[in-house]
Each structure stands twice: as structure tokens, then as C-alpha cells.
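Student:
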Amino acid sequence: MKIHEYQAKMLLPRFGVAVPAGGAAKTPKDAVVTAQGLSANKGGLWVVKAQIHAGGRGKGRFKEEQPADVIERVAKGSTKEPGLGGVRLCKTLDEVHAAAAAMLGKTLVTKQTGVQGSVVKTVYIEPGSKIARELYAAMLLDRERSEVLLMVSSEGGMDIEEVAEKRPEAIHKIWIDPTVGLGDWQARQLAFGLGLGASMKSAVKMFKGLYAAYEALDASMLEINPLVVTEDGEVMALDCKMTVDDNALFRQKDVAAMRDIGEEDPAEVEAGEHGLSFVKLDGTIGCLVNGAGLAMATMDIIKVYGGEPANFLDVGGGANAQQVTAAFKIITKDPAVNAILINIFGGIMKCDTIANGVIAAVKEVGLKVPLVVRLQGTNVELGRKILAESGLDIIAADTMADAAEQAVAASKRGA
-10 MKIHEYQAKM LLPRFGVAVP AGGAAKTPKD AVVTAQGLSA NKGGLWVVKA
40 QIHAGGRGKG RFKEEQPADV IERVAKGSTK EPGLGGVRLC KTLDEVHAAA
90 AAMLGKTLVT KQTGVQGSVV KTVYIEPGSK IARELYAAML LDRERSEVLL
140 MVSSEGGMDI EEVAEKRPEA IHKIWIDPTV GLGDWQARQL AFGLGLGASM
190 KSAVKMFKGL YAAYEALDAS MLEINPLVVT EDGEVMALDC KMTVDDNALF
240 RQKDVAAMRD IGEEDPAEVE AGEHGLSFVK LDGTIGCLVN GAGLAMATMD
290 IIKVYGGEPA NFLDVGGGAN AQQVTAAFKI ITKDPAVNAI LINIFGGIMK
340 CDTIANGVIA AVKEVGLKVP LVVRLQGTNV ELGRKILAES GLDIIAADTM
390 ADAAEQAVAA SKRGA
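The numbering used here numbers the first residue of the sequence shown as -10 and each following residue consecutively.
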């Protein structure tokens, strides 16, 4: 689950992470009131930031302000067109009001949102900071090593992928054994790598605090970009992106309460309500599969035969007919889907259950695109018999290769 920057900055100080003072606002008037409360800190320079679950806000553009061709280039990360993005410096309270009014209720497009963008419902106001250097820090789980990876870079404010490609020597990495935690010596090693000798104490406190927050909040990703060194030598988190492990939300009540469903894909939200694992993709072949491994293999074989999956959808090993119906509905709501592939291995879930679920779903929502079904496992013959006698226009397949080939062919016919 992702949380907003302003929410992350409410959490991080609990762990000793320095962040600028700031406040969130949902109206231009509230933005001015918030700025007034912060003005004494830096003498009348404020930063107004759009709060959406995407990076690249400063380089983003608002749909309402730019032609469609510019918006398309922004979504691809290839535009050089001038324009005000979702992070704006303001020297007066009138400018704060104008910036908030220009953002709230508008659709911000960045290269991470796609061309559809995301509607800004909240802005975050901070006093301006006197920045001497901009750095980068991120923490995530390295699954191959079963350790937490903490990487930092001297190139803050940039995409880490671009830095890795052009200046790999600017990235420093350490791995943290979860049974031991982050050692002071490791934090000092990173600080030396970044040339932070004069700010060593502040840097060590920052890295230790970030790791403490990562562990305590069950985060799966914590990114600070930029991590800044102020003119006073303080190391501070000027921005923050945080993702928390969904499986740990049952013990993270405060964090779970920060969930912003409006920032999530409606189909993924609906799938979660039915206990389904769903991720929207960019292809045209809808996939309904039981088991994460089989779902990934199904997507792979679709690509092998020249197609593109429209989603990852795992109904789980013990799904019932109602869940299958819900999954089918979610897939058919996607206008990009022009073929559907159902690939089921009946273990705990029986093939006749799937067959009855498919029939119920088709009768309820209709069938406007080709449907390929491959069943194997428990009660497979009964499942196939139920489908064959249903009177539905279903393309039967015996193997995964056969199912993928037929689904791709059907999708191309419908393109």
C-alpha cells in the first residue's frame, strides 16, 4: 500500500528522521493558513506540492493546462515543453493561494501516472530550505540475499535508473542483516562514500532512522529523493515515497488508516474486496488463473506466442464460484480486452467449480469477446462437460501452449 508524502513525513520523525516542518491542505484557503503558520521558519518562501501516488511531480503537467500531444510526451517522459508542474516555489501568500488553486481538483500527469494522470485532492506546504547538496537514498528488500538493501547516491533529484546508467560509480550500496540491524559503521561507510564527513553525525542519525522506520512500519520500499544537506550541515529528507507491505497492515492500524483508495486502480480495489490478486497491465488478453506461479507462466506463454496480457489475476487455490464470477466481471470491464484466457489447474479448487463460475459470469455480464478455457486437474472431465453443454461459445484447449496460441490468434482477430 502506498502512502502520500505528507503522511510519510508524519511518520518518519518518530524514528529520528529529520524532515522540514509542513502541513497538508485540501483548499487554497487552508493552504494559505498553513503557510502562515510556517512563514517564521524561513522568512517567506514556501513550496507547494501536489500529493499523488507518483513520482516526477515537478516535471509533470496538468491536463487542463496543456495540449493532448504535450500530455502524451509528459507521460512518456520525453517532453521538454515549458510548464508549471506539481511542485511550485512561492514567495508570497497570494502565490501560495494561486498554486494550490491551480493544483487542487486538477489532473496531474507524470511519466509514472500514464496519460490518464491522477487528480490532486491534497497539497502539502513546506517552508523553503537552504540546500547545499541534493542526495538520494532508498531502502528495499533484496529477495536474493534475504537482506535489506540501502543504497545512496550523490546524484539527488534525478531518476535512479538514469544515474545507474550514466554514473554507476555515484551509487553506493550496503546490505543489512535483519538479525543484526544497521550498524553505525555501515552508516558511516555510506556517509564517507557521499563525502559527508562534516555532516557525519547527522547522516548516521538519518540512515539509522530510515532503517528503523522501514522495519517498524513493515515497509517494502522507502525512497528519499532528494535527501538534502542544508547550509547548516543538517541531513534532511526533503521528499519521501513509502510503500507498506499489504500483508502487514493488520498490525499497522495507523498506516492502514492512511490508505487513499482514490489513488488506486478501481479494478484492483474491487478485486481486493473479493479476495483476488489483480494487477492491471497494458495488453489485450485478459487472464483468469489460479495460483501466482501459474498466472505468471500464463502471461509468459502469451508473450511467447506474440500476445500481451491485460492483467495478472490470481483467484487463489480455494476460490468459489462467486469469486470466479467477480474475477470475470473485472476482466470484462477493461475496454482494452479483446480476448480472455482462463487457465485453471484443479487442485483444491475443482474444475467443475470453475466451470459453474464461468457460466454464471457469462450469463450475468454477457460474452462479447472470444473466451479460451483450459482446465486440468480435479474433476476436469466434469468441468469440461459442464462447459460443453452450456451452449456458450467457448474455445476449449488441452494444453497451455494450445490455449495461449488460440487466445493470441483470437485477440489479433479482434484488434
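No residue lacks a Cβ here, since even glycine has one placed at the ideal position from N, Cα and C. These numbers come from a predicted model, not from an experiment.
By alpha-carbon positions, which one of G170, P324, Q25 ends up nearest to S135?
Tutor: Out of G170, P324, Q25, G170 has the C-alpha closest to the C-alpha of S135.
Student: Is it right to say N236 is buried, meaning 16 or more other beta carbons lie within 10 angstroms of its own, or is it exposed?
Tutor: Classification for N236: exposed.
Student: How about Y(-5) and G11: do their beta carbons lie closer than 8 Å?
Tutor: Contact: yes.
Student: Do you know whose CA, among S142, K(-2), K374, V108, lies nearest K155's CA?
Tutor: For K155, the nearest C-alpha among the options comes from S142.
Student: Report yes if the C-beta distance between H80 and E220 is below 8 Å; otherwise report no.
Tutor: Checking the sequence shown, residue 80 turns out to be Lys, not His. Contact: no.
Student: I believe A57 touches Q40 by the beta-carbon criterion, under 8 Å. Please report the beta-carbon distance rounded to the nearest angstrom.
Tutor: With a Cβ gap of about 25 Å, A57 and Q40 do not count as contacting.
Student: Measuring straight from C-alpha to C-alpha, what distance separates V244 and A201?
Tutor: Whole-angstrom Cα-Cα distance: 15 Å.
Student: Could you give the DSSP three-state label for N30: helix, strand or coil?
Tutor: Any answer about N30 is weak, because its pLDDT of 49 lies below 50 and its placement is not dependable; what the coordinates show is given next. Helix, per DSSP.
Student: Determine the direct distance from the alpha carbon of A281 to that of N30, and round the result to whole angstroms.
Tutor: Low per-residue confidence applies at N30: pLDDT is 49, beneath 50, and the placement is therefore not dependable enough to give any value.
Student: Is it the case that the segment 81 to 93 contacts the segment 106 to 122, given that we only count it when at least three CB pairs across the two stretches are under 8 Å?
Tutor: Counting Cβ pairs under 8 Å, three or more are found: they touch.
Student: Along the alpha helix (DSSP H) that carries D289, what are the first and last residues, could you check?
Tutor: Looking at the DSSP string, the run of the alpha helix (DSSP H) that includes D289 is 281 to 293.
Student: Identify every run of the alpha helix (DSSP H) within the segment 166 to 218, keeping only runs that are complete inside it and at least 4 residues long; order them along the chain.
Tutor: Entirely contained in the segment 166 to 218, the alpha helix (DSSP H) runs reaching 4 residues are, in chain order, 173 to 182, 189 to 205.
Student: Excluding the 5 residues flanking Q365 on each side, which residues of the same chain have their C-beta closer than 6 Å to its C-beta?
Tutor: Within the same chain, Q365 has close Cβ partners F334.
Student: How big is the Cα-Cα spacing for I160 and M140?
Tutor: Distance between the alpha carbons of I160 and M140 is about 7 Å.
Student: Three or more C-beta pairs under 8 Å: does that hold for the segment 299 to 318 against the segment 268 to 275?
Tutor: Because the criterion of three Cβ pairs below 8 Å is met, the segment 299 to 318 and the segment 268 to 275 touch.
Student: Please go through the segment 79 to 107 and give each complete alpha helix (DSSP H) segment of 4 or more residues, from N-terminal end onward.
Tutor: Counting only runs of 4 or more, we get 82 to 92.
Student: Tell me which residues share the same chain as I291 and place their Cβ nearer than 8 Å to its Cβ, disregarding the 5 neighbours each side in the sequence.
Tutor: Answer for I291: G272, I274, C276, E297, P298, L330, A393, A396, V397, listed in chain order.
Student: Could you round the C-beta distance between T314 and A349 to whole angstroms and report it? I think they count as a contact, below 8 Å.
Tutor: Sure, about 5 Å apart at Cβ, within 8 Å.
Student: Does V6 come within less than 8 Å of chain C when only Cβ atoms are used?
Tutor: Going by chain labels, chain C is absent from the structure shown, which holds only one protein chain.
Student: Who pairs with C424 in a beta bridge, going by DSSP?
Tutor: Since the first residue shown for the chain is -10 and the last is 404, residue 424 is missing from the structure and cannot be characterised.
Student: Quick one: grab the DSSP three-state call for Q365.
Tutor: It is a strand residue.
Student: Which residue wins for smallest C-alpha separation from T168, given the options G182, E204, S188, E150?
Tutor: T168 has its Cα closest to that of E204, out of G182, E204, S188, E150.
Student: Excluding the five sequence neighbours on either side, which residues of its own chain have a C-beta within less than 7 Å of the C-beta of R3, listed in chain order?
Tutor: None.
Student: At the level of alpha carbons, what is the spacing between D387 and N214?
Tutor: Rounded to the nearest angstrom, the two C-alpha atoms are 50 Å apart.
Student: If you check the beta carbons only, do K38 and R46 fall under 8 Å apart?
Tutor: Yes.
Student: If you drop the 5 nearest sequence neighbours on each side, which residues of the same chain put their C-beta closer than 8 Å to that of D173?
Tutor: The residues are V193, K197.
Student: Quick check: the Cα distance between T232 and M225, rounded to an integer number of angstroms?
Tutor: Those two C-alpha atoms are separated by around 20 Å.
Student: DSSP three-state call for S400: helix, strand or coil?
Tutor: It is helical.
Student: Rounded to whole angstroms, what's the CA-CA distance from V361 to A328? Just pull it up for me.
Tutor: About 8 Å.
Student: Can you say whether V258 is buried or exposed, counting buried as having 16 or more other CB atoms within 10 angstroms of its CB?
Tutor: Counting Cβ neighbours within 10 Å, V258 comes out exposed, since fewer than 16 surround it.
Student: For G335, which beta-bridge partners are listed by DSSP?
Tutor: According to DSSP, G335 bridges with G366.
Student: When you compare each of L179, V22, G355, G44 to E84 by their alpha carbons, which one comes out closest?
Tutor: It is V22.
Student: Does V76 come out as helix, strand or coil in the three-state DSSP assignment?
Tutor: It is a strand residue.
Student: If you drop the 5 nearest sequence neighbours on each side, which residues of the same chain put their C-beta closer than 7 Å to that of G74?
Tutor: Correct list, in chain order: R46, G47, K48, G49, R50.
Student: Under DSSP, the alpha helix (DSSP H) around V258 begins and ends at which residues?
Tutor: Segment 255 to 262, the alpha helix (DSSP H) holding V258.
Student: Determine, using beta carbons only, whether M195 and A399 come nearer to each other than 8 Å.
Tutor: Contact flag unset, no.
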